[in-house]
Amino acid sequence: TIDGLVETAPQLDVFRFEIVSQICALTGSTPDVIYPLLEEPRDRKNGDISLPLPRARLPGNPIELATSLAQKFKCNDLITKAAAAGPFLNFTYNRDTLRNRTIASAVGLGPQYGANATGFGNFGIVEFSSPNIAKPFHAGHLRSTIIGSFIKNVLDASGWGTVSINYLGDWGKQYGLLAVGYERYGNDEELEKDPIRHLFHVYVKVNNDASENPAVHDEARAYFKKMEDGDAHAYGLWKRFRDLSIVKYKEIYGRLNVQFDIYSGESQYSLGQMRDVLHELQDLGLLVPDQGALIVDLKQFDLGVAVIGKTDGSLLYLSRDIAAAIDRKKVFDFDRMFYVVGNQQIHHFKQLFKILELQGKTWAEKCEHIGFGIIRSKDGNMSTRKGTVVFLEDILDEAGSHMHEQMRKNEVKYAQIPDPDSVADVVGQSATMIQDMTARRSKDYNFDWDRIFSFEGDTGPYLQYAHSRLCSIERQAAPLEVTPEELQSIDFSLLTEPQAFTLVEAIAAYPDVLREAGKTLEPCTIVSFALNLSHAVSSAIDVLWVSGQAKPLAHARLALYVAARITLGNALRLLGLKPLTRM
Ligand code: ARG
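Last residue of the sequence shown: 598 in the working numbering, with the numbers rising by one and none dropped.
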């Protein structure tokens, strides 16, 4: 523990490092070559981990080399056997050591198992979700929310200091238009009840008006000018839209277990701050007037032309982002800033970072765009099965009610669930989140209700089911329980079956996988870990019973299941899921 931070020792990696260091010493190779080559042997009878020598590109005949290295390798309390099989070297872990260390760490550290201090002393900003008021919260915002919140959780679990920012789209001429629309179609009662939906409906109507009658645009422009000038009425109405929308957003984010430290937005950057940005660019000779626009020419960097503002004084998305980045550096002095935004904005962020760099902000290289692929669906937006609405809330409601129907089918179990509504809501949420995080971030995917809802296969409900089965074993084993103090008295050598070892190995991988996720910031790393662990859990539960066993065996198995439950729960929370104890 460093300053209250937990550092879970690597588990499986300790064994792998032992192999790597001996092999490097014997061959003169280096860890960066040898470590990535280690793989699971095709047949576990041959050992626990295997090194294919041909891929190590060492001098000499790989078959002869394998034989001589197997002889020279010194077995110890980590590796009990090294054997050659053709050009492969197969190693066997000291399974007692691995099992005892793993169960002790998981049970001992509990909710902290897996956490590490690799980010100690670093401060990161994660900006994510960032929907636009009065416009639908579309699939891209959902992905940003899920992935961004995951990244924040991973950084937190890796010892970083973090702050999460929701950078709302809440400023610009379109909010003048919204206000004009509200004066025509607005209804205070509906605004209070469901601001996001009501403002969207108003916005759609006034947009129609504007396309029929261009004078509405002039009205909107004039209204926005009043907002910018701080006119009390205009500003007050806008502020009410924003405040009420945030209340509603918070409720929806709550259903996704997402919180923001800061609700910021495009509106936070005043004309004054923006003019400073413009002047700075002007003084550096970067700003050029071009057909009514103010641009920065980035053609020599293959980034085209960046439009910063218009000569009429209005400023744009990009200029607000420049002001926001500079302000955040001043306030937080971050070591890294992550923008979690869809791949459609790759170009925008390249331009943003390049302009900051040209302004001499050396920290521009500490800013990173975390992109992700688009969700494809029939009408280009997420929609309900009937193909109508596009609100996140509807997606979650629909997922929840579908899960509720599924749960009702098993009457006996259903009767035991104290609060089926909220359980169904959590299962629905898990289904939606996991399907989003199963593939690599940058991949596009098709939004598919049937896949979301499946209880079988590699889905969110499957993960929740594994967790709740583990909890049920613990409930049934009472009064037998497993606490860190009791661990000493449990005889783990009774865990002899292959299913027990597979489960130990799956649990042991967690600290290593979490370190890996801290580097890749890929949720799929943790999803596949959790699925693999859940498979190991199911196989073990089928054969390794706790109930009806003599106490020492029951206690050893229970300890293994408690370690598995802790690990799976930690992984689910990292993914933003609320682990269920019953379902
Ligand atoms: N509100 C924007 C949108 O919906 C996303 C904002 C992304 N963040 C940023 N700093 N530009 O497209």
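Virtual Cβ for every residue (Gly too), placed ideally from N, Cα, C.
What you are looking at is a predicted structure, and each value in this text was computed from that prediction instead of being measured.
Next item on the list: Give the single residue among T177, N223, H417 whose Cα lies nearest to the Cα of R199.
Entry: N223
Notebook entry, point to check: Distance, Cα to Cα, R255 vs F30?
Noted result: 59 Å
Next item on the list: With DSSP as the reference, please indicate the residues paired to M352 in a beta bridge.
Entry: I140, C382
Notebook entry, point to check: What residues in its chain sit with their C-beta under 8 Å from that of N358, if we drop five residues either side in the sequence?
Noted result: G386, F387, G388, I389, S457
Margin query: At a threshold of 6 Å, does G139 count as lining the ligand ARG (C-beta to nearest heavy atom)?
Written below: no
Next item on the list: Out of A85, T112, L84, point me to the one whose CA is closest to D92's CA.
Entry: T112
Next item on the list: Check whether the Cβ of S83 lies closer than 6 Å to any heavy atom of the ligand NAP, and answer yes or no.
Entry: Because the ligand NAP does not appear in the structure shown, any question about it cannot be addressed here, the ligands present being the ligand ARG.
Next item on the list: Would you mind stating whether V528 and P476 have Cβ atoms separated by less than 7 Å?
Entry: no
Notebook entry, point to check: Counting Cβ pairs closer than 8 Å, one from the region 140-156 and one from the region 521-536, do we hit at least three?
Noted result: no
Checklist line | Within the region 165-245, ranges of the beta strand (DSSP E) (whole runs, at least 3 residues) | finding: 176-183
Next item on the list: Return yes when the C-beta of G336 is under 6 Å from any heavy atom of the ligand ARG, and no when it is not.
Entry: Sequence inspection shows Asp at residue 336; the Gly mentioned does not correspond to that position. Yes, since a heavy atom of the ligand ARG falls inside the 6 Å radius drawn around the Cβ of D336.
Check: Going by the CB atoms, is the gap between L313 and A321 shorter than 7 Å?
Finding: yes
Item checked: Start and end residues, alpha helix (DSSP H) containing G269 -> 247-270
Check: DSSP state of R466, grouped into three classes?
Finding: helix
Next item on the list: Just mark S504 as buried or exposed, buried being the case when its beta carbon has 16 or more other beta carbons within 10 Å.
Entry: exposed
Notebook entry, point to check: Would the beta-carbon of K167 fall within 7 Å of that of T177?
Noted result: yes
Margin query: If you follow the beta strand (DSSP E) that K96 is in, where does it begin and where does it stop?
Written below: 94-100
Check: When the Cα of W253 is compared with those of V356, M452, L206, which residue comes out closest?
Finding: L206
Next item on the list: Would you mind sorting D451 into buried or exposed? The rule is 16 or more other CB atoms within 10 Å of its CB.
Entry: buried
Next item on the list: State the start and end residues of the unbroken alpha helix (DSSP H) segment that holds D364.
Entry: Here the sequence assigns Phe to residue 364, which means Asp is not the residue at that position. Unbroken alpha helix (DSSP H) run through F364: 361-373.
Checklist line | Residue span of the beta strand (DSSP E) that contains L104, given as start and end | finding: 103-108
Notebook entry, point to check: With respect to the alpha helix (DSSP H) encompassing G584, which residues constitute its N-terminal and C-terminal limits?
Noted result: 566-589
Next item on the list: Taking 7 Å as the cut-off, decide whether the C-beta atoms of Q26 and P538 are in contact.
Entry: no
Next item on the list: Please name the residue, chosen from Y128, G174, L124, that lies closest to G134 on a Cα-to-Cα basis.
Entry: G174
Notebook entry, point to check: Touch check for the region 228-239 and the region 178-197: three-plus C-beta pairs under 8 Å?
Noted result: yes
Notebook entry, point to check: What's the gap between the Cα of L485 and the Cα of L157?
Noted result: 30 Å
Next item on the list: Quick one: using the 10 Å Cβ neighbour count with 16 as the cut-off for buried, is P594 buried or exposed?
Entry: buried
Notebook entry, point to check: If you draw a straight line from the alpha carbon of E383 to that of L80, how long is it in whole angstroms?
Noted result: 45 Å
Check: CB of Y182 to nearest heavy atom of the ligand ARG: below 6 Å?
Finding: yes
Note to self: With a threshold of 8 Å, are at least 3 pairs of Cβ atoms found where one atom belongs to the region 403-418 and the other to the region 430-448?
What the structure shows: yes
Check: Looking only at its own chain, which residues have a Cβ that is under 8 Å from the Cβ of T399, when we skip the five neighbours before and after it?
Finding: Because T399 carries a pLDDT of 43, less than 50, the predicted location of this residue cannot be relied on, and the following value inherits that uncertainty. Around T399: D409, I410, E413.
Next item on the list: Give the straight-line distance between the Cα atoms of F106 and L170, rounded to the nearest whole angstrom.
Entry: 34 Å
Notebook entry, point to check: Count the other CB atoms within 10 Å of the CB of G591; is the residue buried (16 or more) or exposed (fewer)?
Noted result: buried
Next item on the list: Starting from the C-beta of D350, find all residues in its chain whose C-beta is less than 6 Å away, skip the five residues before and the five after it, and write them out in chain order.
Entry: N137, F138
Notebook entry, point to check: Just checking my contact of G187 with S145 at CB under 8 Å: how many whole Å lie between their CB atoms?
Noted result: So it is not a contact: roughly 14 Å between Cβ atoms.
Notebook entry, point to check: What is the DSSP secondary structure of G307, counted as helix, strand or coil?
Noted result: coil
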